[in-house]
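Asks: Numbering (our numbering), first residue to last: 91 to 271.
C-beta: ideal position from N, C-alpha, C; glycine also.
So, in structure tokens, the structure goes:
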């Protein structure tokens, strides 16, 4: 069985998080993972929570290796699903509350240019999932809506077991990211 452990960190001064913020945020984050995995061709994921440590919790993302084939590049579907999840949050953060000037598609990439000149290049796959999966948009927005209502949480961070940071969002961005796209 392939397993990946994510650490979701709710940074704050009190080393605790409101139960409603915790449940709502984690529920919506796991919705994004499940939707990305489904669009990526993965089998059903089992997602469990391990005992928390100070300021963090560990989320096990588990899938059966028999039903989780290796992609041509040698990357498993679960590993590529986390690349997609990271891209979905990055795209949402890039365009939320901002006006797009131009969108170009070339060589498997979608290039988004904002009115003030910032540019983001993402794979067309991530752009297509973002555009065609309503549950993803709602879940990301609701994730940050829950976080924005909790004054104790200063940063939302998700890290893989190998230390790779998937998401890191400071409190000042929660309000903007809670807008639906």
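The beta strand (DSSP E) spanning residue 201 covers which residue range?
Replies: Working through the chain shown from its first residue, we reach residue 201 at position 111. Element bounds for residue 201: 199–204.
Asks: Please classify residue 259: does DSSP put it in a helix, a strand, or coil?
Replies: Along the chain shown, read from residue 1 onward, the residue named residue 259 stands at position 169. It is a strand residue.
Asks: Quick one: does the C-beta of residue 183 sit closer than 7 Å to a heavy atom of the ligand GDP?
Replies: The ligand GDP is not among the ligands present in this structure, which contains no ligands whatsoever.
Asks: Would residue 98 and residue 119 qualify as a contact pair, given that the criterion is a beta-carbon distance under 8 Å?
Replies: On the chain shown, position 8 is the one that residue 98 refers to. On the chain shown, position 29 is the one that residue 119 refers to. Going by C-beta atoms, residue 98 is nearer than 8 Å to residue 119.
Asks: Any idea what DSSP makes of residue 168, helix, strand or coil?
Replies: Taking the first residue of the chain shown as position 1, residue 168 is located at position 78. Three-state result, residue 168: helix.
Asks: For residue 182, count neighbouring C-beta atoms within 10 Å of its own C-beta (all shown protein chains included) and say buried if the count is 16 or more, exposed if not.
Replies: Against the chain shown, residue 182 aligns to sequence position 92. By the 10 Å Cβ count, residue 182 comes out buried.
Asks: Restricting to Cα atoms, I'd like to know which of 117, 228, 115 and 249 is closest to residue 173.
Replies: As a working note, residue 173 is residue 83 in the chain shown. The shortest Cα separation from residue 173 among 117, 228, 115 and 249 belongs to 249.
Asks: Which class does residue 242 belong to by DSSP, given the choice of helix, strand or coil?
Replies: Indexing the chain shown from 1 puts residue 242 at position 152. Coil.
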